[in-house]
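Accompanying notes for the structure given below.
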Amino acid sequence: MSKQFGSAPVSEAIIEACLRRSENYDLEGFLLGQGAMPAQIMFVGEAPGATEIVEGRPFTGQAGKVLEHYLEQLGLTRQDIYISSAVRSRPFKDKIIQTKSTDSAPRMSRSNRTPTKKEIRAHAPILDFEIQYVQPQVIVPMGNIGLQRLIGNQSTISNVHGKEIQSPIQHVEDWQDPDSPYQFSKKDYRIFPLYHPAAIIYKRSLESVIEQDLKALKDVLQAKNNS
Ligand code: URA
């Protein structure tokens, strides 16, 4: 395959099946991953937020700015990598805000939330296809949602960040069957987990940890290029 840039050509049938399975959940919008195909490295986040749904591109909001800083430290650009996530729509929750003034009506406020296991499972065939198509040599899950979607619930990002793991990854056995369970791949993948870029926004003390992790990832990628 010659190098292309864009979204992996996930079939309409897969997209429709995923959207149908998630239509009763509080999700809005839809976007595919984006990047180079094939790509040496694929980043897997959690789910798009409000900005991404408007822009139609992954990681364009606040977390996207931090991701760009990750890429700078790695000496990479968006043209070099593929970016995806566990869920392809924005999980939201609505809250009624009662204003103090008695003459203004209560208003609705919508915020992002963490996707549920059912939502992740409903959208799983899309990420499965993207991984098959993009053929990354290293997959970088960012945060617990991306990590556990790929290697199961036994690991947490705080235990495994910043080092390479060789592990099978989960994919749904039969995307046409809504009840199909996850199955582990026969082969091992090279996985290098990182904290999610949004984690830094909430916890500045992670900055130096992330810097160390990015240096370690850069070494892994360079060793790969020199081998
Ligand atoms: N977080 C994600 O995981 N993906 C995005 O596209 C934006 C924020």
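Add 3 to a position in the sequence shown, counting from 1, and you land on the number used in our numbering.
Note that CB positions come from ideal geometry on N, CA and C, so glycine has one too.
On the DSSP letters alone, give me the boundaries of the beta strand (DSSP E) that residue i sits inside.
i, result
"residue 43", "Neither: residue 43 is in no beta strand (DSSP E) and is coded neither H nor E."
"residue 94", "93-100"
"residue 118", "Unbroken run through residue 118: none, as it is neither H nor E."
"residue 144", "141-144"
Output the boundary residues of the alpha helix (DSSP H) element that contains residue i.
i, result
"residue 115", "Looking at the DSSP string, residue 115 is not in any alpha helix (DSSP H); the run it does join, the beta strand (DSSP E), is 110-115."
Is residue i helix, strand or coil when you go by DSSP?
i, result
"residue 161", "helix"
"residue 168", "strand"
"residue 149", "helix"
"residue 128", "helix"
"residue 90", "coil"
"residue 135", "helix"
Does the count of Cβ pairs from the segment 193-205 and the segment 67-74 closer than 8 Å reach three? yes
Pairing CB atoms from the segment 154-161 with CB atoms from the segment 122-138, are three or more of them under 8 Å? no
Okay, do the segment 80-94 and the segment 32-51 touch, 3+ Cβ pairs below 8 Å being the bar? yes
With contact counted as at least three CB pairs below 8 Å, one residue from each stretch, are the segment 14-28 and the segment 50-59 in contact? no
Can you give, in chain order, each stretch of the beta strand (DSSP E) that sits fully within the segment 162-229 and has at least 3 residues? 168-170, 173-175, 185-187, 192-194
Ignoring anything shorter than 4 residues, give me the alpha helix (DSSP H) runs that lie fully in the segment 6-84, in order along the chain. 15-24, 53-58, 65-77
Counting Cβ pairs, one atom from each stretch, are 3 or more of them under 8 Å apart for the segment 106-117 and the segment 74-83? no
The segment 178-191 in contact with the segment 221-228 per 3-pair CB rule at 8 Å: no
Are the segment 134-153 and the segment 92-100 touching, with three or more C-beta to C-beta distances below 8 Å? no
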